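Read left to right, the sequence shown gives residues 15 to 321 (the numbering used here).
For glycine and all other residues, C-beta sits at the position ideal for the given N, C-alpha and C.
Keep in mind the model is a prediction, meaning the values are calculated, not measured.
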Amino acid sequence: MNTAVNNTPGFASRLVNGVLAIKPLYNLAKRQARQMMIKRAEKIGVPWRKQVQALRSHNWERELAKVQNPQFKYPKYYVTSFHAYDKGNLSWDAALEVEVAAYAVHANIWAGAGAKGDSQLRQSYHDILKQQILTPPQNILDLGCSVGMSTFALQEMYPQAQITGLDLSPYFLAVANYRAQQQQRQINWVHAAAESTGLRDASSDLVSIFLMCHELPQLPTRQIFTEARRLLRPGGHLAIMDMNPKAEAYQKMPPYILTLLKSTEPYLDEYFTLDIEQAIVEAGFQIPTITRNSPRHRTIIAQFIGE
15 MNTAVNNTPG FASRLVNGVL AIKPLYNLAK RQARQMMIKR AEKIGVPWRK
65 QVQALRSHNW ERELAKVQNP QFKYPKYYVT SFHAYDKGNL SWDAALEVEV
115 AAYAVHANIW AGAGAKGDSQ LRQSYHDILK QQILTPPQNI LDLGCSVGMS
165 TFALQEMYPQ AQITGLDLSP YFLAVANYRA QQQQRQINWV HAAAESTGLR
215 DASSDLVSIF LMCHELPQLP TRQIFTEARR LLRPGGHLAI MDMNPKAEAY
265 QKMPPYILTL LKSTEPYLDE YFTLDIEQAI VEAGFQIPTI TRNSPRHRTI
315 IAQFIGE
């Protein structure tokens, strides 16, 4: 485990923060980041505009009513701009573009991967899960499940398991549930906060968090780890796949690209300066293993032994 972590953003990051504090420059960076993703997607053969336009023709308000908790109060950190959407994840624009955006963002992880980069990234995570978690989990909770891409992948990996997907965005869950119905999948979708799920104690063998922690301030991240411990049975595992702050790609990222990235990820500094190993141990887990699973990502697995 690391004994010391630099909790101060570097010079380039602080410079970028100064640029993004200027509203017109922030808005420009967001627009450019979005256009870059769309162009990249269509360059690798993913018909971003066409696919999203086709989805818009569906009656999504009806789907929303199936999954939304209308009394839910959103945490303050969540009601902000994410991923170049002014309303963040609480919008149809965000929900209908998650899949094509994932293909675009992950296209350049490996040279020549293109549209297959996303599935390759997920497979690299699953390979590590199978190597380190020897007993197949029977109950799996996918925290921050978005539109269900990570949930469906887990179901294919563990077809015998009962799987729950949980997310803060009912718009994402509406798309996830619609996709599940199309594919005749049996998945339980929950509209709740990952730090306060409302689910039963000791109800899961595996809590999986795929590309969520970098979208959180440090306090809710710590709360989520504590909640995961509550939800796990003794011997269960917490598994996290996310950006690797120590990766050379981020250490040497040009300021212009860093500006575009940070314009879409408001809590990136908090994630990059979090001692995630220590936070997991403080939540009651064993010392985690950390494995690089792509040039830009890491997989963290920690076991909960029991009280």
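Minimum length 3: unbroken beta strand (DSSP E) runs contained in the region 156 to 199: 176 to 181
Cβ contact check for the region 298 to 317 and the region 124 to 141: 3 or more pairs under 8 angstroms: yes
Close-in-space but distant-in-sequence residues of the same chain around phenylalanine 299 (CB under 7 angstroms, 5 per side omitted): Arg243, Leu252, Ala316, Gln317, Phe318
DSSP three-state assignment for phenylalanine 239, whether helix, strand or coil: helix
Ranges of the alpha helix (DSSP H) found wholly within the region 237 to 316, counting only runs of at least 4: 262 to 265, 269 to 278, 282 to 286, 290 to 296
Cβ-based neighbour list, alanine 297, same chain, cut-off 6 angstroms, excluding 5 preceding and 5 following: Phe239, Thr240, Arg243
Proximity of threonine 94 and proline 280 at Cβ, strictly below 9 angstroms: yes
The region 121 to 132 / the region 198 to 215 touching (three or more Cβ pairs under 8 angstroms): no
Alpha-carbon to alpha-carbon, glutamate 321 and alanine 118: 43 angstroms
Beta-carbon gap between alanine 47 and leucine 288 smaller than 9 angstroms: no
Alpha-carbon spacing of isoleucine 271 relative to isoleucine 58, whole angstroms: 20 angstroms
Extent of the continuous beta strand (DSSP E) to which serine 218 belongs: 218 to 224
Local Cβ density within 10 Å of glycine 249, reported as buried at 16 or more and exposed below that: exposed
Test item: CB-CB of serine 105 and tyrosine 192 under 9 angstroms: no
Sub-9 angstroms separation of tryptophan 62 and valine 114 beta-carbons: yes
Beta-carbon proximity check, phenylalanine 166 vs glutamine 197, cutoff 9 angstroms: yes
Residue burial classification, phenylalanine 86 (beta-carbon count within 10 angstroms, cutoff 16): exposed
Exposed unless 16 or more other CB atoms sit within 10 angstroms - verdict on glycine 131: buried
Nearest-angstrom Cβ-Cβ length linking leucine 245 and serine 222, presumed shorter than 8 angstroms: Not quite, the Cβ-Cβ distance comes to about 12 angstroms (not below 8 angstroms), so this is no contact.
Same chain, Cβ closer than 8 angstroms to methionine 171, neighbours up to 5 away in sequence not counted: His140, Leu143, Lys144
Rounded distance between the beta-carbons of alanine 293 and threonine 235, thought under 8 angstroms: 7 angstroms
Proximal residues to leucine 78 (C-beta, below 8 angstroms), its chain only, five neighbours per side dropped: Pro184, Tyr185, Ala188
Supposed close pair leucine 180, alanine 206 - CB separation, criterion 8 angstroms: 6 angstroms
Boundaries of the beta strand (DSSP E) in which tryptophan 203 is found, first to last residue: 202 to 205
Whole-angstrom distance between leucine 213 and glutamine 134, CA atom to CA atom: 31 angstroms
Alpha carbon of histidine 97 to alpha carbon of aspartate 283, nearest angstrom: 15 angstroms
For serine 210, the residue or residues it bridges with in DSSP: Ala207
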